[in-house]
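Q: Okay, here's the structure, questions in a sec.
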Amino acid sequence: MDKRLAKRHKRQVDRAKANVKISEPDVRTPEEIAAAREASRPAAAARGGLQGNFAGGAHSSKGHGVSAAHSASKSDA
48 MDKRLAKRHK
58 RQVDRAKANV
68 KISEPDVRTP
78 EEIAAAREAS
88 RPAAAARGGL
98 QGNFAGGAHS
108 SKGHGVSAAH
118 SASKSDA
């Protein structure tokens, strides 16, 4: 490596070292971490209503609503 490239590389390394941000450790208690996770979850998942139903989406809930309507009309007749 010639002098010009060596100096350029040294400047690049110095700039990269100056821009490094050191993250601070998480000093929260396990209870605080669990509470923060619960608070950041979507409302439906926090209630326990739609757990495990994310893959089906609207199609599976639409199908359940139609079958429930048919069964209610059959029981009335």
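Counting from 48, one number per residue, gives the positions in the sequence shown under the working numbering.
Built from N, CA and C at the ideal position, the CB exists for glycine as well.
From K57 to R88, what distance separates their C-alpha atoms?
A: 46 Å
Q: Whose C-beta lies closer than 6 Å to the C-beta of A63 among residues of the same chain, with five residues either side of it excluded?
A: none
Q: In three-state DSSP terms, what is K64?
A: K64 falls in the helix class under three-state DSSP.
Q: Using the C-alpha atoms, what's the distance from I69 back to E79?
A: Cα-Cα distance, rounded: 23 Å.
Q: Short of 6 Å in beta carbon distance, which residues of its chain neighbour A72, apart from the five on each side in sequence? Order them along the chain.
A: Per the sequence shown, the amino acid found at residue 72 is Pro instead of Ala. Answer for P72: no residue qualifies.
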